[in-house]
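Student: Here it is: the structure, laid out below.
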Amino acid sequence: MKITPLAVLSGVAILGLVAALGLFTAINSNLLSHYDYAANGLVGPSPLLALIPLGIGVLAGIAALVLWGVQQGQRSSS
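Residue numbering for the sequence shown is 48 to 125, as defined by the working numbering.
And the structure:
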């Protein structure tokens with residue numbers, strides 16, 4: 048089995064989206080939060096932190112689609 052750039056980009060896209068969903072869920076369910084006595088409440092990371100893996104996943108997905116389109120174009124022209 049040959050590892051192609053398209054397979055790698057697709058994998059990164061899927062992992063990025065799954066990581067974003069998992070991170071967003073963990074933050075929203077306060078899994079990453081701690082009780083801060085000074086603030087008198089739960090303190091944790093912002094749900095916007097999930098945008099980092101989401102952005103990576105979306106960019107990799109777009110790159111995979113572009114690469115796939117280029118490969119299809121090369122196949123049809125040859």
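Idealized CB from N, CA, C, for every residue including glycine.
What is the DSSP secondary structure of G104, counted as helix, strand or coil?
Tutor: Looking at G104 - three-state DSSP - the assignment turns out to be helix.
Student: Residue range of the beta strand (DSSP E) that G88 falls in?
Tutor: Unbroken beta strand (DSSP E) run through G88: G88 to V90.
Student: Out of curiosity, what's the CA-to-CA distance linking G88 and Y82?
Tutor: Distance between the alpha carbons of G88 and Y82 is about 6 Å.
Student: Would L53 and Q121 qualify as a contact pair, given that the criterion is a beta-carbon distance under 9 Å?
Tutor: Contact: no.
Student: Do the CB positions of G104 and A73 come within less than 9 Å of each other?
Tutor: No, these two residues do not count as a Cβ contact at 9 Å.
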